[in-house]
Ligand SMILES: Cc1ncc(C[n+]2csc(CCOP(=O)(O)OP(=O)(O)O)c2C)c(N)n1
Ligand code: SF4
Ligand SMILES: [Mg+2]
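Residue numbers (our numbering): 30 to 270.
Written out as structure tokens, the structure reads:
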């Protein structure tokens, strides 16, 4: 019999498409927050797109809805005023790496102790599947009907060049990877709570609706294609001098 796992108290019913990765991501982040005792004492600084369903899916705590791309710098300001409150962001890839690229980089450069999550589904999900910086080479989207030219943007080398203490890329595309992802999320949250450090986690997430794939095919697409361009793994220099 499958082991019973408690539904996190922070997660309420939500409106994502069947097979979307956002529900798993919300569940993992909220589980870890509950385990760390910050279910009520936190501020979620959120973005736009399908991501915005998180405002409805998150019970408890406090939420700040930001303009497209601005979440990490808003989180910086909030953390400066409320240093003892857990402050985190969750944005889509279009939000984080297109309109908000400047804010993403400056927040990582500042290294204020916030926790930044970027959900990379390789397109602008909510607005109908347009090309994002993360769209794969050759991937067909509504604005690249003949396939995208050029490489997908990879945030991890940028984060490493900025010298952040912790950055990781995980995915919801398989059970084994979901377990690893929970460890990355836990590490990132612990770094803020225990060591007052900035951490960044990107999550490769399926968008079956705009990829025109079944949920299973969308997960296979990530494991067979996306991770060739955007490899999974973590970089932890938080203990180095
Ligand atoms: C300044 C500004 N430009 C454009 C939009 C329109 N817009 C809303 S959601 C969205 C797509 C967001 O894509 P992403 O951040 O990848 O989130 P996803 O829906 O894929 O999770 C866009 C372009 C906006 N709200 N504000
Ligand atoms: S459009 Fe894509 S990202 Fe948005 S809820 Fe549906 S599957 Fe998820
Ligand atoms: Mg997206």
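For each residue, glycine too, the CB sits at the ideal point set by N, CA and C. Model, not experiment: these values are computed from the prediction.
For residue i, the residue or residues it bridges with in DSSP
i           : result
residue 195 : 265
residue 71  : 115
residue 94  : 75
residue 259 : DSSP, once it has assigned bridges, lists no residue as partnering residue 259.
residue 40  : 87
residue 121 : 148
residue 160 : Beta-bridge pairing links residue 160 to no other residue.
residue 170 : 173
residue 200 : 233
residue 153 : 159
Residue interval of the alpha helix (DSSP H) (run including residue i)
i           : result
residue 133 : 130-139
residue 233 : Run containing residue 233: none in the alpha helix (DSSP H); it sits in the beta strand (DSSP E), 228-233.
residue 251 : First-last for residue 251: undefined, no H or E at that position.
residue 219 : 204-224
residue 57  : 51-64
residue 177 : Note, residue 177: premise wrong, no alpha helix (DSSP H); not H, not E.
residue 240 : 237-240
residue 101 : 100-110
Any non-hydrogen atom of ligand 1 closer than 7 Å to residue i Cβ
i           : result
residue 168 : no
residue 144 : no
residue 78  : yes
residue 156 : yes
residue 230 : no
residue 148 : yes
Ligand 3 heavy atom lying under 7 Å from the CB of residue i
i           : result
residue 262 : no
residue 153 : yes
residue 122 : yes
residue 82  : no
residue 161 : yes
Status (buried if at least 16 other CB within 10 Å, exposed otherwise) for residue i
i           : result
residue 31  : For residue 31, the pLDDT reaches just 48, beneath the cut-off of 50, and the residue's location in the model is therefore unreliable, leaving the point undetermined.
residue 71  : buried
residue 69  : exposed
residue 239 : buried
residue 190 : exposed
residue 84  : exposed
residue 135 : exposed
residue 235 : buried
residue 217 : buried
residue 36  : exposed
residue 113 : exposed
residue 259 : buried
residue 165 : buried
residue 223 : exposed
residue 266 : exposed
Proximity test, residue i beta-carbon vs ligand 2 heavy atom, cut-off 7 Å
i           : result
residue 42  : no
residue 238 : yes
residue 51  : yes
residue 46  : yes
N- and C-terminal bounds of the beta strand (DSSP E) containing residue i
i           : result
residue 147 : 144-149
Neighbour flag for residue i against chain B, beta carbons, 8 Å
i           : result
residue 265 : This model lacks chain B altogether; it includes just one protein chain.
The segment 191-206 / the segment 88-106 touching (three or more Cβ pairs under 8 Å):
Judged by Cβ distances under 8 Å, the segment 191-206 makes no contact with the segment 88-106, as fewer than three pairs qualify.
Assess, as a yes-or-no matter, whether the segment 102-115 is touched by the segment 201-214 under the definition of 3 or more beta carbon pairs within less than 8 Å.
By the Cβ criterion, the segment 201-214 is not in contact with the segment 102-115, since fewer than three pairs of Cβ atoms, one from each stretch, lie closer than 8 Å.
So, does the segment 60-71 touch the segment 165-174, judging by three or more C-beta pairs under 8 Å?
No, the segment 60-71 does not touch the segment 165-174.
Check whether the segment 73-91 touches the segment 183-192, taking contact to mean three or more Cβ pairs, one atom from each stretch, closer than 8 Å.
At 8 Å Cβ cutoff, the stretches do not touch.
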